[in-house]
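Undergrad:
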Amino acid sequence: MRTCISCFEKSMTIVDALCPTCTHPQQEGKELKLLHLRLKIALRSAATNGSARDVPAVPRSVLRWLAR
Numbered sequence: 008m009r010t011c012i013s014c015f016e017k018s019m020t021i022v023d024a025l026c027p028t029c030t031h032p033q034q035e036g037k038e039l040k041l042l043h044l045r046l047k048i049a050l051r052s053a054a055t056n057g058s059a060r061d062v063p064a065v066p067r068s069v070l071r072w073l074a075r
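Residue numbers 8 to 75, in this note's numbering, belong to the letters of the sequence shown in order.
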């Protein structure tokens, strides 16, 4: 959850551009960039370490990343 910089409510998710309480536009945060980078690294490591026959539906590195 994110905190609105205008009304300081914690009702926003990471992907919200407007606060649902006060409809104040938010600055672009580092959270999405950080999540995107972590997902890219997790998918890259899953693609290079796995073999073709025993690849699970969701790579283990992605599951570990989501569990954090």
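No residue lacks a Cβ here, since even glycine has one placed at the ideal position from N, Cα and C.
In this text the structure is predicted, and so the values were computed from the model without any measurement.
1. Excluding the 5 residues flanking Leu39 on each side, which residues of the same chain have their C-beta closer than 8 Å to its C-beta?
2. Quick check on Cys11: buried or exposed, where buried means 16 or more other Cβ atoms within 10 Å of its Cβ?
3. Does the Cβ-Cβ distance between Ser13 and Pro27 come in under 8 Å?
4. Tell me whether Arg75 sits in a helix, a strand or coil according to DSSP, three-state version.
5. Rounded to the nearest angstrom, what separates Ile48 and Glu16 at their Cα positions?
TA: With the given structure in hand:
1. A distance below 8 Å between beta-carbons, with the five flanking residues on each side excluded, links Leu39 to the following residues of its chain, in chain order: Ile21 and Val22.
2. Classification for Cys11: buried.
3. In terms of Cβ geometry, Ser13 and Pro27 do not form a close pair [threshold 8 Å].
4. Coil at Arg75, not helix or strand.
5. One Cα belongs to Ile48, the other to Glu16, and the distance between them is close to 32 Å.
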